[in-house]
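Student: Please read through the structure below; I'll follow up with questions.
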Amino acid sequence: MSESGVEVSVVLPAYNEAATIESTVRTTLATLDGFLPAGSYEVVVAEDGCDDETPEIAAQLAAEDDRVLHFHNDERLGRGGALNAAFRAANGDTLAYFDTDLATDMRHLEELVESVRSGDADVATGS
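The sequence shown begins at 9 in our numbering and counts up one residue at a time.
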């Protein structure tokens with residue numbers, strides 16, 4: 009476990025997601041809260057040089073909830089670059105990410121995360 013007590017970091021790559029980022033963060037927090045102890049997870053918004061209100065929304069979410077981190081990039085790094093930077097900044101030992109459109113069925117998040125946390129798998133993926 010990391011010094012912060014965070015075991016799981018979920019990274020949400022975000023580029024011009026003002027319309028969805030707040031609901032995605034709240035849904036992700038509620039889902040994680042359903043199977044992880046308080047204080048053991050974080051949600052990292054990997055905001056990637058947006059030119060809409062995504063940075064302000066992400067910063068406000070992080071200010072309101074210590075489970076949320078806002079990782080800002082002034083210049084566009086692209087999806088892979090933003091994910092890499094956010095993964096390096098994340099506190100958790102188990103890292104996960106999914107798109108902010110929630111195309112991934114959140115019912116399977118526990119199964120994926122727990123397969124890695126338990127040591128049964130080094131990597132888990134779903135689609």
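Ideal placement from N, C-alpha and C gives every residue a C-beta, glycine not left out.
1) Could you round the C-beta distance between residue 30 and residue 69 to whole angstroms and report it? I think they count as a contact, below 8 Å.
2) Taking only runs of the alpha helix (DSSP H) that begin and end inside the segment 102-133, which ones reach a length of at least 4 residues, in chain order?
3) What are the boundary residues of the beta strand (DSSP E) that includes residue 70?
4) Would you tell me roughly how many angstroms separate the C-alpha atoms of residue 109 and residue 36, rounded to the nearest one?
5) What's the gap between the Cα of residue 130 and the Cα of residue 124?
6) Alpha carbon to alpha carbon, how far is residue 126 from residue 92?
7) In angstroms with no decimal places, state the Cα-to-Cα distance between residue 81 and residue 41.
8) Please indicate yes or no: does the CB of residue 82 lie closer than 7 Å to some heavy atom of the ligand SAM?
Tutor: Here's the rundown:
1) Taking the sequence shown and counting its residues from 1, one reaches residue 30 at position 22. Taking the sequence shown and counting its residues from 1, one reaches residue 69 at position 61. Their Cβ separation, rounded to whole angstroms, is 6 Å, which keeps residue 30 and residue 69 in contact under 8 Å.
2) With a minimum length of 4 residues, the continuous alpha helix (DSSP H) runs that stay inside the segment 102-133 are 117-125.
3) Position 62 of the sequence shown, counting from 1, holds the residue named residue 70. Element bounds for residue 70: not the beta strand (DSSP E) but the alpha helix (DSSP H), 62-72.
4) Here residue 109 refers to the residue found at position 101 when the sequence shown is read from its first residue. Here residue 36 refers to the residue found at position 28 when the sequence shown is read from its first residue. Approximately 11 Å, taken between the alpha carbons.
5) Position 122 of the sequence shown, counting from 1, holds the residue named residue 130. Position 116 of the sequence shown, counting from 1, holds the residue named residue 124. In a straight line, the C-alpha of residue 130 is about 6 Å away from that of residue 124.
6) Walking along the sequence shown from the start, residue 126 turns up at place 118. Walking along the sequence shown from the start, residue 92 turns up at place 84. Residue 126 and residue 92 have their C-alpha atoms roughly 24 Å apart.
7) Counting from 1 along the sequence shown, the entry for residue 81 is found at position 73. Counting from 1 along the sequence shown, the entry for residue 41 is found at position 33. For residue 81 and residue 41, the distance between alpha carbons rounds to 28 Å.
8) As presented, the structure is devoid of all ligands, the ligand SAM included, so that no description of it is given.
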